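*Asks:* If you read the protein sequences in the order shown, they are chains A, H and U.
If you're matching positions, the first sequence starts at 3 in our numbering and goes up one per residue.
If you're matching positions, the second sequence starts at 143 in our numbering and goes up one per residue.
If you're matching positions, the third sequence starts at 813 in our numbering and goes up one per residue.
This is the structure I have questions about; it appears just below.
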Amino acid sequence: MNYRDLPSMPVAAQSTESITTGDWRTIRPVLNKDLCDRCYHCWAFCPDVSVIVEEEGSFPKVDLNHCKGCGICSTECSKQAITMVREDL
Amino acid sequence: MIEASTGNYAAAQAARLAKADVVAVYPITPQTTISEYVASMVQKGEMNAEFLLMESEHSAMSALIGASTIGARTFTATSSHGLALMHEMLMWAVGARTPIVMPVAARAIGGPWNIWGDHQDAISERDTGWLQFFCENNQEVLDTILMAYRVAEDRNVMLPAMVVEDGFVLSHTVERIDIPDQEEVDAYLPKYSPEFFADTENPMRFGGLVTPDLWTEFRYRIAESHEISREKLKAAEKDFEKVFGRSYGSPVETYRCEDADAVLIAAGAVAGTAKEVADQLRMQGKKVGVARIRVFRPFPSEEIRKLVSSVPSVGVLDKSYTFGDGGAMFNEVRSAAGTLEIGSYIAGLGGRDVPPKVLIKIFNNILEKNRGTVWADLKGGDFDD
Amino acid sequence: MTDFQFPLPKEEYMYPGHSACPGCGEPISMRMLLKALGPDTIMNVPAGCCAVIPGVWPTYSLKIPLIDHAFECTGAVSSGIRAALDHFGKEDVTVVGWAGDGGTADIGLQSLSGAVDRGTDMLYIMYDNEAYMNTGNQCSSATPCGANTTTTPGGKSHQRTKKDVMKMMIANGIVYGASLNPAFPEDFMEKVVTAKGIRGPKFLHILSPCPSGWKFDPRNTIKIARLATETGVFPLYEYRNGETIFTKDLKNRKPLEEYLRLQGRFKHLSQADVEGMQRVLDESIQKLLKEE
């Protein structure tokens, strides 16, 4: 990109989805479906919009491209169904 | 319509004629009556603008940046400490590409306190990226504000513009001026229609973080817009002449310079006195002329280079002082001309009148090709009798 | 009715990939706020974490227009945005000024006061992480007594009480005020919806725990936020028509120690310090309950 490609005003409109914050992570949430009662607290409190619930009733999934591994989902899980597991190098 | 008008009344009339959508005001001498006139026009329904009473000049400029980003034509006015307080947001307005137009009733900056006119406030903002126009009379104040909107809002320019009128000398002095009809102004000045504006239908972020990777490129685009504004202003003034029959010779108005032995370069109302003095001196056989810098930003380097190379001796009068080496305008001229053979004259600070007597001394000094910086009206200085 | 009810509206107004630290409280509240307000919203933000989190040009993490500006002028910019929107007949668009505690309680206080005084129809939000966190945890006037920051090293040097901006804003003339805590989403959403429905200057105070500044494990952000209310450190209330109503019980409180001991910024406090702070807190809550 050079100066000719810039807009006349400093406007930004491209979604941050292209930024993969998943590589910040050192620990990763793992869901035990046997324990999950689908309260979706993990979804509600995720700062990174990285807990995906496709439709009401389905189990939450983690968007590992963006999840930063904070672990809030694990702490807030009402059934202790999410454990944080260390990432491999 | 011919009316008796101060510079401030002329500026307020220009805001009305330009149909500013949002006006934000904060009082400061000698600008205050501009805000008062606009308040009165809005209250009487003569002007359909949102009128915001701010709690500081910094906030006035901030509010207009917000309003301009929504797509509004915006107006405020300030002076001196108010302009200095705005400094941060003046920079922001440039980077945000918000074409705010603002008259500045130019005044000294304290301390100690001084409420009278000079150019220190406006000159001190020369690095912000605002377009800067200096006016010689009240008609020019009104006309320049209209032209400023046209240039500033051009999609290839998108820069804010400052229209400088000398504090008190113009802001509070009554002259006969022609206030144009609304229809004529409407024909001259199109509605503001930016390429981008904050809109819930098309969500974007305005002014977010830019890293070293592209910061230079964004700054370059601003510099490029400054360059483009040169031709846009010439065109705007040409069209203005067609509609209103007046023009000002942007960016540098030359007066009896063609065969001159000495030329004084100045900006603002003092150039009017200098022209009269030049006439007197010519009657005494001294071939002198005046070049008035009407556009200070972008600086008319090409025009100045041509002028300086065509006359034997040149001096620059600054109504401000830049601590360093000579006046700010002098430094610009010297840099554009590429010669050290230019004199710097400081006069008219903090409201001190610059009478013909002082200007005659300056012209004679230029004719004698004196160089260096002269504080031309300093009590106890080189020119003191 | 299904067994699986979303605790919040499903619609998202935030993209993943933004620049907040792991476990940051700010995007949790931002996400909830926008779910409550919907797409007819224009926001302005000053310097601070809130200017960094939405991403680096040309990327942007929110699905509403956002206008950036300098540190001290959030209220003023909101006034300008509001004026222009009104001028163009867009009275239904909600204007949100979103600023941190430094940008509100300190450098932006004048501009906020001006905007309230002008009667600007806006939702001003102070997301409060209790220090200048974007520059790396320097003390602000919203930093609580005893907290360690880089400019109050050891924490003991900071003996002032937190500036009560809400009280100042009530005196200034807001039409609605409320404290919000992302650990209580229902209460949070309700207050935002209420505020949206009232014309005039509104002030919301959101508690925004900061893992890096408060020094706690990022997994505990919501836990700590919840404890702040449960211990009475951050009471949840609503101010309207001259009355303050507490929206979460203040009478049965957990010990303050539970809140303090989870955070490294308070780790230097002795047991006696903690007991002293508990007494001060109890007294201030007794006063609040009398005022209600």
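Glycine included, C-beta positions come from ideal geometry on N, C-alpha and C.
These figures come from a predicted structure and were not determined experimentally.
Name the chain H residues whose beta carbon is nearer than 8 Å to that of ASP918 (chain U)?
*Replies:* Per Cβ cutoff of 8 Å: no residues; ASP918 (chain U) is ~15 Å from chain H at best.
*Asks:* With a CB to CB cut of under 7 Å and the five nearest residues on each side skipped, what residues in its chain are close to SER198 (chain H)?
*Replies:* Contacts found: TYR168 and LEU227.
*Asks:* According to DSSP, simplified to helix, strand and coil, what is PHE525 (chain H)?
*Replies:* Correct three-state label for PHE525 (chain H): coil.
*Asks:* Determine, using beta carbons only, whether LYS384 (chain H) and HIS261 (chain H) come nearer to each other than 8 Å.
*Replies:* No, they are not a contact pair.
*Asks:* So, using beta-carbon positions, are TRP910 (chain U) and GLY350 (chain H) closer together than 8 Å?
*Replies:* No, the pair does not count as a contact, with Cβ atoms beyond the cut-off.
*Asks:* Quick one: which residues of the stretch 239-260 of chain H get their C-beta closer than 8 Å to a C-beta of chain U? List them in chain order.
*Replies:* Answer in chain order: no residues at all.
*Asks:* Put TRP357 (chain H) into one of helix, strand or coil per three-state DSSP.
*Replies:* Correct three-state label for TRP357 (chain H): helix.
*Asks:* Once you ignore the five residues that flank GLY469 (chain H) on each side, which residues in its own chain have a CB closer than 7 Å to its CB?
*Replies:* Taken in chain order, the residues that qualify are VAL458, ASP460, SER462, TYR463, SER486 and ILE488.
*Asks:* Please classify LYS333 (chain H): is it buried, with 16 or more other beta-carbons within 10 angstroms of its beta-carbon, or exposed?
*Replies:* Exposed: under 16 other Cβ atoms inside 10 Å.
*Asks:* Extract the residue ranges of the beta strand (DSSP E) inside the stretch 948-1011 of chain U, only unbroken runs of 3 or more that lie entirely within it.
*Replies:* Entirely contained in the stretch 948-1011 of chain U, the beta strand (DSSP E) runs reaching 3 residues are, in chain order, 988-992.
*Asks:* Would you tell me roughly how many angstroms separate the C-alpha atoms of GLU89 (chain A) and SER953 (chain U), rounded to the nearest one?
*Replies:* Cα to Cα, the separation comes out at about 40 Å.
*Asks:* Could you tell me which of H:ILE287, H:PHE382 and H:SER392 sits nearest to ILE242 (chain H), measuring between CA atoms?
*Replies:* When each option's Cα is compared against that of ILE242 (chain H), the closest is H:ILE287.
*Asks:* Taking only three categories from DSSP, how would you classify THR814 (chain U)?
*Replies:* In this prediction, THR814 (chain U) scores a pLDDT of 46, lower than 50, which makes its location untrustworthy; the coordinate-derived value is nonetheless stated afterwards. Coil.
*Asks:* Using Cβ-Cβ distances below 7 Å, what residues of the stretch 335-352 of chain H are close to chain A?
*Replies:* Cβ contacts with chain A: GLU337, PHE338, MET346, ARG347, PHE348, GLY349, GLY350 and VAL352.
*Asks:* Within 10 angstroms of its Cβ, does TRP255 (chain H) collect 16 or more other Cβ (buried), or is it exposed?
*Replies:* By the neighbour-count rule (16 or more Cβ atoms within 10 Å), TRP255 (chain H) is not buried but exposed.
*Asks:* Please tell me whether GLY985 (chain U) and ASP929 (chain U) are closer than 8 Å, where the distance is taken between their beta carbons.
*Replies:* Yes, the Cβ-Cβ distance between GLY985 (chain U) and ASP929 (chain U) is below 8 Å.
*Asks:* Look at ILE257 (chain H) and LEU284 (chain H) and say whether their C-beta atoms are less than 8 Å apart.
*Replies:* Contact: no.
*Asks:* Hey, would you say CYS885 (chain U) sits closer than 8 Å to SER204 (chain H), going by beta carbons?
*Replies:* Contact flag set, yes.
*Asks:* Please list the terminal residues of the continuous alpha helix (DSSP H) segment that includes GLU19 (chain A).
*Replies:* Counting along the chain, GLU19 (chain A) falls outside any alpha helix (DSSP H), and DSSP gives it neither H nor E.
*Asks:* Under 8 Å, with one C-beta from each stretch per pair, do the stretch 297-310 of chain H and the stretch 353-368 of chain H reach the 3-pair mark?
*Replies:* In short, these stretches touch, since the Cβ pair count reaches three.
*Asks:* Report the three-state DSSP secondary structure of PRO877 (chain U) (helix, strand or coil).
*Replies:* Coil.
*Asks:* Go ahead and pull the three-state DSSP assignment for PRO31 (chain A).
*Replies:* In this structure, PRO31 (chain A) counts as strand in the three-state DSSP scheme.
*Asks:* Indicate whether at least one CB of chain H lies closer than 8 Å to the CB of HIS830 (chain U).
*Replies:* It does not; no Cβ of chain H falls within 8 Å.
*Asks:* For the beta strand (DSSP E) containing ALA160 (chain H), name the first residue and the last one.
*Replies:* Unbroken run through ALA160 (chain H): none, as it is neither H nor E.
*Asks:* Assuming ASN856 (chain U) is part of the alpha helix (DSSP H), what are its boundary residues?
*Replies:* That residue, ASN856 (chain U), is in no alpha helix (DSSP H); its beta strand (DSSP E) goes 853-857.
*Asks:* Look up TRP869 (chain U) in the DSSP assignment and give the residues it is bridged to.
*Replies:* Beta-bridge pairing links TRP869 (chain U) to no other residue.
*Asks:* Return the Cβ separation of LYS847 (chain U) and LEU820 (chain U) in integer angstroms, given the expectation that the two are a contact with Cβ distance under 8 Å.
*Replies:* Yes, they are in contact, since the Cβ atoms of LYS847 (chain U) and LEU820 (chain U) sit about 5 Å apart, within 8 Å.
*Asks:* For the stretch 46-61 of chain A, which residues have a CB atom closer than 7 Å to at least one CB atom of chain H, in sequence order?
*Replies:* Against chain H - using a Cβ distance shorter than 7 Å - the stretch 46-61 of chain A contributes no residues.
*Asks:* Out of curiosity, what's the CA-to-CA distance linking GLU510 (chain H) and ILE484 (chain H)?
*Replies:* Taking the straight line joining both Cα atoms gives about 11 Å.
*Asks:* Would PRO454 (chain H) be called buried (16 or more neighbouring beta carbons within 10 Å of its own) or exposed?
*Replies:* By the 10 Å Cβ count, PRO454 (chain H) comes out exposed.
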